[in-house]
Structure formats: structure tokens, C-alpha cells
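Undergrad: Here's a structure for you.
There are 2 protein chains.
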Amino acid sequence: MLQKLNTNGSSCDRQRWVKSNKRLIGLKLSTERLFYFWCLRNAVRQKPVEKQCMEVNATRPNQAVPPVSVILYYESLCPDCRVFITQQLFPTWTMLQDIMTVTLVPYGNAKEIPSANSPFTCQHGEPECRGNMIEACIIHLTGHTAFQIIYCMESSVNVVNAAQPCLQLYAPSVSWSSVDSCWKGGLGYQLMHRNAVMTRALRPVHTHVPWLTVNGEYEEENEDKEMSSLFYFVCQLYKVRMVFLVTGTPI
Amino acid sequence: MLQKLNTNGSSCDRQRWVKSNKRLIGLKLSTERLFYFWCLRNAVRQKPVEKQCMEVNATRPNQAVPPVSVILYYESLCPDCRVFITQQLFPTWTMLQDIMTVTLVPYGNAKEIPSANSPFTCQHGEPECRGNMIEACIIHLTGHTAFQIIYCMESSVNVVNAAQPCLQLYAPSVSWSSVDSCWKGGLGYQLMHRNAVMTRALRPVHTHVPWLTVNGEYEEENEDKEMSSLFYFVCQLYKVRMVFLVTGTPI
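So the protein lines, in turn, are chains X and C.
Per full-length UniProt numbering, residue 1 is the first one in the first sequence, and the count goes up by one each step.
Per full-length UniProt numbering, residue 1 is the first one in the second sequence, and the count goes up by one each step.
Right, here's the structure in full:
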């Protein structure tokens, strides 16, 4: 249970630890656990966060530390959303999925008009409404391969036309007809309505897309970093959580 | 020409610089340029490399510093190659393509038997020979979208069957028939023969795949890092080059 730490020898020298922590040894926590926490805290302080992200967190995450949770509010044909998904979010998640969860909410700046023939109108027209609905259905029906399929669509030349080939490439056991009847029918409407409710519930209210919440919060001062250096940002956030949880003190 | 540096104030305090470098000011280099180099060296020493990679290098690469060049020797159905391409090489390149070039050489552990009916035999059988050839043709025919297409294939459920849909998704202007006639004909053989020659020319001789050279060299002691922390590794390498080139001293 005590993870093997990738630390330099001096920060985890047991004799040195015993000498500087005699008062702690009297406490109920086992010596082994105390040593582990002390070692970890020193290791975290000494190593650059990103190296640690690669060597400790991303491949051997600390089970006591919850992953960084990211929710992306977007619309399927928005150019900035496509760039963010394909050049930041998906590659970052590919490499850091041990310490990061991603939830995709396709809806964005759409409007819901329940009484109309078409219950939704979208910023980039009807093709975007169709793209949003198809993606919502794919997310619902394909489970863990969903993000790969959404990435495939959003990175291709034609997002909506890519849906069927992308589904076939990554989830051949899910039939296109199940996605087709989803987006054309009641299930698709329910999924999109749920996304609309989630998007309208945002506080602060979203003013643009892509819109990102991290661990449930939108913070304007972090937005630039999130959009252009997401890998670094997630690593740093995870490290801060880890140190706080094991030592009780922020770094 | 002098880039705006993202440094903290203290390392780039001009008065402090003048005080500590009076002897340099007499040299022919302009004061401005000297100040820039000094500031950069201090900035590099103070900031974690990966943060710098994100904030300085990856988005505003130094034009005087050549990108890190990576050549991957692989075979199309080798599981470790697929994992490396999809979970390390492609996402890293996606985010760091301003400071990194990737060359793909599909051939791997294949053997060339020029006199036989089938000039190549492959570790994972005939489907792999077909996959290698198709990928070589796609790389030759599609230019800058090649890596996206190879990624699409290597990440899908069936690599060889994915070739045509992946080509259509990312390079619809390149006809499948041009790829088809390439891999079945003389051009495909020439491309694969060239890959065979490149692979056989490796020094040291390759003993497994995936096999990576970085800036033309294979270094065994770096292999673990390259395979599991490629993002960090490329950033660090680029930074070392940059500092060496601007200051003349390694860090």
C-alpha cells in the first residue's frame, strides 16, 4: 500500500527522518506511514511538478487523491472548441488519464425552444444541432471509447459526416442504427435537454465556448493557461491536491 | 527580434545586470543583446523546464534553435508500437509540433527477400506487411496529414481495415485508389525498400521495436524516459539546445 517513491536518497534518509521527527513517533500513526508522508512531502518540494507528474502521478497515481475533474461545455462546429478538443484536451487526457477525468457536454450556445418543431436552435445552424445530438448519443451509447470517437469527429474534415466511420473505427460493436435512432428520437432529445439544463445551471453564466470547469469551478484567471497549457495546468493542480491531502498543508 | 521574455522581474533587472556585467559591456555585442542573453539564462535556470516548454518554447519557438527531431522505426501491428504511437508520440507531437519533428519508418523487424514472390516477410504475418506498405504509401502521398492518418489507423480496432476510412476522414482529396495502386505496385515496393535500408543502417543495430532515434542518435539510457515521459523529455532536450545556442554554455 505504501507506494514506492521515486525520490532522491537524501530526502528519504530514514535516520535523518527519525532524528527530526522524534515527537511524531509517539503518535498513533505508524512510523512507516509517517516516514512515507515526510518522504513524499520532501520529494514533492524538491522535484519540478511536471517531472513528478510524469514520474509519480500520471503513471502511479496516489489512490487517496481524487483525479482532476474537467467538464467541457462546447458545441460541435465551433472552431475554437475543435482546436481545444483536438490540440489540448484529448492529447492531455490521453497522457494523464490516470489523474484526470473529462466530461463532455455538447450544447454550448444553443437555445431550447420546447414548443417549436425543432426544439433546439444552434449558433452554427442546423448541422451543429445535428452534430451536438449525435455526439450526445455517442457519449451515452459507447462508454469508455466515447472521447476517442468525439476526437475522431472533431479532428476530421467534416464533423457530422465523420460520425459513422468514427463509430465503426473505435466501437464496431455499437451499431450505427442505434446512434441514428437515438439522435432522431426521444432519447436524443432527453440527452440534449439534460445538457441544456447543465449548461444553463453554470455559475457564473457562460459567455463563450469552449467553457471549462475544473473540479466544478470556472475561474477566469486560469482560462488562458487551461486553453494553451492544459497539460501543465492539470499536473500542477494534481500535485497541489496531493500534497495538501497527505500533509494537510498547501505548498 | 529580441523576444519578449516571460521572466520574473528580479532576474531581468537591468540595473543589477549592468552592475554585474560591466566587463561585458565593453565587448562588441550590443548591450541590448547581452542583456537579453543574461536574462534568458537566468530565466531558464529559475523556471521548471516544462513550464518554460509550455510558455516559451512550444508556442513561441526560438527560430534559431532547430526542433527536436525524432525518428520512429516501427511495424504496423506491433502492440508496443501502437501503444507508443497513440499514447505518447502522437499526443506529444500534437502539443509540441512547434519544437519537434517526427519521421515514421514502418518496417521494423521485417525481412527483405528480393528474389522471392513476396519481397518482404513480417513479424506479425502478411497483414502486417500489408499494413506497413499501406502506411508507407499514405506517408508518401498525404504530406502533412500523414501522422494524423497513421494515428487514426494505429488507434483503431483493426489497423489495416482502418486505412481507407481514415484516409477519407483526414485527406479526402487523396483517392483511395492512389494508395491502393501504390501498395500493390512498384512505388510501394520502392518506399518499403527505402525503409528497409534506413532500418538496416541503424547504429547500433536495432534489437526491438518501437525503436526511437532522437536528433539522429539512439541512447539506451534515455529509452525508458522516451517511452513513458516523451513530453517531458522533448521539452528538456529543446531547452538544453536553446540555452546552449544562446549562451554557448550547457546548463
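Just so you know, even glycine gets a beta-carbon here, dropped at the ideal spot from N, CA and C.
Note that the coordinates shown come from a computational prediction; the quantities given were computed from them, not determined experimentally.
Please list the partners that C/T94 has in chain X, where partner means a Cβ-to-Cβ separation under 7 Å.
TA: Residues of chain X passing the Cβ test: Q87 and P91.
Undergrad: If you measure between the beta carbons of X/C152 and X/C137, is that distance less than 9 Å?
TA: Cβ atoms of X/C152 and X/C137: not closer than 9 Å.
Undergrad: Taking C/Y218 as part of the beta strand (DSSP E), name the residues at either end of that continuous run.
TA: First-last for C/Y218: undefined, no H or E at that position.
Undergrad: When Cβ atoms are compared, which residues of the segment 169-182 of chain X fall closer than 7 Å to chain C?
TA: Taking 7 Å as the Cβ-Cβ cut-off against chain C, the residues of the segment 169-182 of chain X that qualify are L169, Y170 and P172.
Undergrad: Is C/V209 near C/C81, with beta carbons less than 9 Å apart?
TA: Yes, these two residues count as a Cβ contact at 9 Å.
Undergrad: Can you pull out the residues from the segment 131-154 of chain X whose beta carbon lies closer than 8 Å to at least one beta carbon of chain C?
TA: Of all residues in the segment 131-154 of chain X, Q148 and C152 have a Cβ within less than 8 Å of some Cβ in chain C.
Undergrad: So what's X/L141 in DSSP terms, helix, strand or just coil?
TA: Residue state, collapsed to three classes: helix.
Undergrad: Of the residues that make up the segment 115-132 of chain C, which ones have a beta carbon closer than 8 Å to any beta carbon in chain X?
TA: Within the segment 115-132 of chain C, no residue qualifies.
Undergrad: Can you name the start and end residues of the beta strand (DSSP E) that X/T103 belongs to?
TA: M100 to P106 is the extent of the beta strand (DSSP E) around X/T103.
Undergrad: Are C/M227 and C/W183 close, meaning C-beta to C-beta below 9 Å?
TA: Cβ atoms of C/M227 and C/W183: not closer than 9 Å.
Undergrad: CB X/P106 to CB X/S76, shorter than 9 Å?
TA: Yes. Within cutoff.
Undergrad: Which partner residues does X/T121 have in the DSSP bridge list?
TA: X/K111.
Undergrad: In angstroms with no decimal places, state the Cα-to-Cα distance between X/A201 and X/C235.
TA: Answer to the nearest angstrom: the Cα atoms are 28 Å apart.
Undergrad: X/P210 CB to nearest chain C CB: under 9 Å?
TA: Output row for X/P210: interface = no.
Undergrad: What would DSSP say about X/L77, mapped onto helix, strand or coil?
TA: Coil at X/L77, not helix or strand.
Undergrad: Can you tell me the Cα-Cα spacing of X/L89 and C/P91, whole angstroms?
TA: Approximately 10 Å between the Cα atoms of the pair.
Undergrad: Starting from C/I149, trace the alpha helix (DSSP H) both ways and give me its first and last residue.
TA: Start and end: A146 to S155.
Undergrad: Just to check my reading of the structure: C/T142 and C/V174 have Cβ atoms closer than 8 Å, yes? What is that Cβ distance to the nearest angstrom?
TA: Contact holds; Cβ gap of about 5 Å.
Undergrad: Could one say the Cβ of X/V157 lies closer than 9 Å to chain C's Cβ atoms, at least one of them?
TA: X/V157 counts as touching chain C.
Undergrad: Could you give the DSSP three-state label for X/L72: helix, strand or coil?
TA: It is a strand residue.
Undergrad: Assuming X/N70 contacts X/V102 (C-beta within less than 8 Å), just tell me the rounded distance between them.
TA: The displayed chain sequence assigns Val, not Asn, to residue 70 of chain X. Yes, they are in contact, since the Cβ atoms of X/V70 and X/V102 sit about 5 Å apart, within 8 Å.
Undergrad: Taking the alpha helix (DSSP H) that X/V159 belongs to, which residues open and close that run?
TA: Here X/V159 belongs to no alpha helix (DSSP H), and DSSP marks it neither H nor E.
Undergrad: Interface residues of chain C around X/F244 at Cβ under 9 Å?
TA: Residues of chain C passing the Cβ test: none, with the nearest at roughly 19 Å.
Undergrad: Can you check whether the C-beta of X/F231 is within less than 9 Å of a C-beta belonging to chain C?
TA: X/F231 counts as touching chain C.
Undergrad: Would you list the one or two residues that DSSP bridges to X/W211?
TA: According to DSSP, which records beta bridges pairwise, X/W211 is partnered with X/Y73.
Undergrad: Which whole-angstrom value describes the C-beta separation of C/I85 and C/E128, a residue pair presumed to lie in contact below a C-beta threshold of 8 Å?
TA: No, C/I85 and C/E128 are not in contact; Cβ-Cβ is about 14 Å, not under 8 Å.
Undergrad: In the structure shown, what three-state DSSP assignment does C/A97 receive?
TA: Before going on, a small fix: residue 97 of chain C reads as Gln here, not Ala. Here C/Q97 sits in coil by DSSP.
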